[in-house]
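*Asks:*
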Amino acid sequence: MADTNWEDMISLNSRAEVTDIALGPARDYLKQENGEVTWDRARIPLQRALDGDTAPLPTTEQREGYYGPNHFNFWASGLRDYCQLLEWLEPNHVARGTLLDIGCASGRLIRHVNADRLSGFSEVIGCDINRAHVDWVGRYLPPEIKIFQNTSVPTLPLPDASVDVITAFSVFTHIECFDTTWLMELRRVLRPGGIAWLTIHGERTWRDLAPTWPLYGSLTSHPDYAGYRSSVGLPKERLVFRWHAERSYSAHVFYAETYIRRVWGRILTVRDVFPALPFFQDVIVLQKS
Numbered sequence: 000m001a002d003t004n005w006e007d008m009i010s011l012n013s014r015a016e017v018t019d020i021a022l023g024p025a026r027d028y029l030k031q032e033n034g035e036v037t038w039d040r041a042r043i044p045l046q047r048a049l050d051g052d053t054a055p056l057p058t059t060e061q062r063e064g065y066y067g068p069n070h071f072n073f074w075a076s077g078l079r080d081y082c083q084l085l086e087w088l089e090p091n092h093v094a095r096g097t098l099l100d101i102g103c104a105s106g107r108l109i110r111h112v113n114a115d116r117l118s119g120f121s122e123v124i125g126c127d128i129n130r131a132h133v134d135w136v137g138r139y140l141p142p143e144i145k146i147f148q149n150t151s152v153p154t155l156p157l158p159d160a161s162v163d164v165i166t167a168f169s170v171f172t173h174i175e176c177f178d179t180t181w182l183m184e185l186r187r188v189l190r191p192g193g194i195a196w197l198t199i200h201g202e203r204t205w206r207d208l209a210p211t212w213p214l215y216g217s218l219t220s221h222p223d224y225a226g227y228r229s230s231v232g233l234p235k236e237r238l239v240f241r242w243h244a245e246r247s248y249s250a251h252v253f254y255a256e257t258y259i260r261r262v263w264g265r266i267l268t269v270r271d272v273f274p275a276l277p278f279f280q281d282v283i284v285l286q287k288s
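Shown next, in the form of structure tokens:
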């Protein structure tokens, strides 16, 4: 453990140095479009999205392998998730002052929020526990986007009641201990009426688990999985598979809806629960009264 920094126990890649390597903008990879990733083109037409977002794309390695060599699909996946968020926000009359994306990685979602001149958001903030991602966003995405590195300790360097919309894609899927502590922190920074848009691995994820899904290999190789794999339903309301590593982000966590409503619902009002994209996760929409 001599090469491990103490920072890496609560964050990732503390020694990372951002490289000068980046790809061109999404328009350079339009020929890769194959229909795999779709979004609401009536809401955000392709040409408008391409014209609005001229920032470089991360390489496959810089985005942890997501979408492999198909750079267009990576870009379109952020646009898809942003359109799904807008579809919920509009009829529910949620204010759009400040958006915070926790676990923003290399800016998959926030680049689209910032680029959309009709978004209504006046401030876009991203954070991630991975310094490599934070530094990449800081170098390559527009300066209007505020970016900072957070840790796995449940605290955010933001004022009380300063955020209208919080998004966290594939974050609570890895929070092995402090889910309720994090929710209390989200409650603190949300303005009254603000929402948290969180994706989870739920009962449907457990039931329909397939070899093509990103979590399949690591989950099924966990030594504790064999004792549960015959269970058709989720064996516990909150089921944690943790790798005993002295670092952050080392677990797969599953939640039953009963747990979400009984435990999370004490902290923030559960407004909605529905299947998400990617299809192996669910969206939980929580609101501060």
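Numbering (numbering that gives the first Met the number 0), first residue to last: 0 to 288. Quick reminder that beta carbons are idealized off the backbone N, C-alpha and C, glycines included.
1) For N33, count neighbouring C-beta atoms within 10 Å of its own C-beta (all shown protein chains included) and say buried if the count is 16 or more, exposed if not.
2) For the candidate residues S121, V112, W38 and L99, whose alpha-carbon lies nearest to that of I194?
3) If you reduce the DSSP assignment to three classes, tell me which class Y254 lands in.
4) Do the CB positions of W196 and L84 come within less than 8 Å of each other?
5) Helix, strand or coil: how does DSSP classify W196 here?
6) Leaving aside the five residues before and after I295 along the sequence, list all residues of the same chain whose C-beta is less than 7 Å from its C-beta, in chain order.
7) Quick check on this structure: which residue in G23, E35, H111 and L88 has the alpha carbon closest to the alpha carbon of R47?
8) Could you check whether the Cβ of R47 sits closer than 7 Å to any heavy atom belonging to the ligand GTP?
9) Grab me the residues of A41's own chain with a C-beta within less than 7 Å of its C-beta, minus the 5 sequence neighbours each way, in chain order.
10) Taking buried to mean at least 16 other C-beta atoms within 10 Å of its own C-beta, is V231 buried or exposed?
11) Classify C103 as helix, strand or coil using the three-state DSSP reduction.
12) What residue range does the alpha helix (DSSP H) around C82 cover?
13) Roughly how many whole angstroms lie between the Cα atoms of A209 and Y215?
14) Taking the alpha-carbon positions, what's the W181 to T198 distance?
15) Is D50 helix, strand or coil when you go by DSSP?
16) Considering Cα atoms alone, identify which of W242, G64, S220 and R206 is closest to S229.
17) Let me check one thing: in DSSP terms, what residues is R241 bridge-paired to?
18) Name, in chain order, the residues that DSSP records as bridge partners for N33.
19) How far does the beta strand (DSSP E) with I144 in it reach, from first residue to last?
20) Here's the rule I'm using: 16 or more other beta-carbon atoms within 10 Å means buried, otherwise exposed. How should H92 be labelled?
21) Taking DSSP's pairing of strands, which residues face L98 in a bridge?
22) If you measure between the beta carbons of V162 and V188, is that distance less than 8 Å?
23) Given 8 Å as the limit, is there contact between the region 251-262 and the region 16-36, that is, 3 or more CB pairs closer than that?
24) So, are the CB atoms of T166 and H251 less than 8 Å apart?
25) Using the Cβ count rule (16 or more neighbours within 10 Å means buried), how would you classify S118?
26) Look at the Cβ atom of F279, then the Cβ atom of T204, and state whether they are nearer than 8 Å.
*Replies:* Reading off the structure:
1) One-based indexing of the sequence shown puts residue 33 at position 34. By the 10 Å Cβ count, N33 comes out exposed.
2) Locating residue 194 in the sequence shown gives position 195, counting from the first residue. For the residues S121, V112, W38 and L99, the minimum Cα distance to I194 belongs to L99.
3) In the sequence shown, residue 254 corresponds to position 255, counting from 1. Residue state, collapsed to three classes: strand.
4) Along the sequence shown, one-based indexing puts residue 196 at 197. Along the sequence shown, one-based indexing puts residue 84 at 85. By the CB criterion at 8 Å, W196 and L84 fall inside the cutoff.
5) Looking up residue 196 in the sequence shown gives position 197. Residue state, collapsed to three classes: strand.
6) No statement about residue 295 is possible, as the shown extent of the chain runs from 0 to 288 and does not include it.
7) Position 48 of the sequence shown holds residue 47. Comparing Cα positions, the closest option is H111.
8) Of ligands this structure carries none, so the ligand GTP is not represented either.
9) As a working mapping, residue 41 is identified with position 42 in the sequence shown. In its chain, beyond the 5 residues on either side, no residue has a beta carbon closer than 7 Å to the beta carbon of A41.
10) Working through the sequence shown from its first residue, we reach residue 231 at position 232. Counting Cβ neighbours within 10 Å, V231 comes out exposed, since fewer than 16 surround it.
11) Numbered from its first residue, the sequence shown carries residue 103 at position 104. It is coil, neither helix nor strand.
12) Numbered from its first residue, the sequence shown carries residue 82 at position 83. H70 to N91 is the span of the alpha helix (DSSP H), which, as asked, contains C82.
13) For the purposes of this step, residue 209 is taken as residue 210 along the sequence shown, with counting starting at 1. For the purposes of this step, residue 215 is taken as residue 216 along the sequence shown, with counting starting at 1. Their backbone Cα atoms lie some 7 Å apart in a straight line.
14) Here the question's residue 181 lines up with position 182 in the sequence shown. Here the question's residue 198 lines up with position 199 in the sequence shown. C-alpha separation (whole angstroms): 14 Å.
15) Counting from 1 along the sequence shown, the entry for residue 50 is found at position 51. Reduced to three states, the DSSP call for D50 is helix.
16) Looking up residue 229 in the sequence shown gives position 230. Taking only the C-alpha atoms, the option nearest S229 is R206.
17) Counted from its first residue, the sequence shown places residue 241 at position 242. A250.
18) Position 34 of the sequence shown holds residue 33. DSSP, once it has assigned bridges, lists no residue as partnering N33.
19) As a first step, residue 144 is located in the sequence shown; it is residue number 145 there, counting from the start. Segment: none, I144 is in no beta strand (DSSP E) and carries neither H nor E.
20) Translated into positions along the sequence shown, residue 92 becomes position 93. Classification for H92: exposed.
21) For the purposes of this step, residue 98 is taken as residue 99 along the sequence shown, with counting starting at 1. Beta-bridge partners of L98 (DSSP): V123 and V164.
22) Start at 1 with the first residue of the sequence shown, and residue 162 comes out as number 163. Start at 1 with the first residue of the sequence shown, and residue 188 comes out as number 189. Yes, they are a contact pair.
23) no
24) For this step, residue 166 is matched to residue 167 along the sequence shown. For this step, residue 251 is matched to residue 252 along the sequence shown. No, the pair does not count as a contact, with Cβ atoms beyond the cut-off.
25) Residue mapping note: residue 118 aligns to position 119 of the sequence shown, counting from 1. Flag for S118 reads buried.
26) Your numbering for residue 279 matches position 280 in the sequence shown. Your numbering for residue 204 matches position 205 in the sequence shown. In this structure, T204 lies closer than 8 Å to F279 by Cβ.
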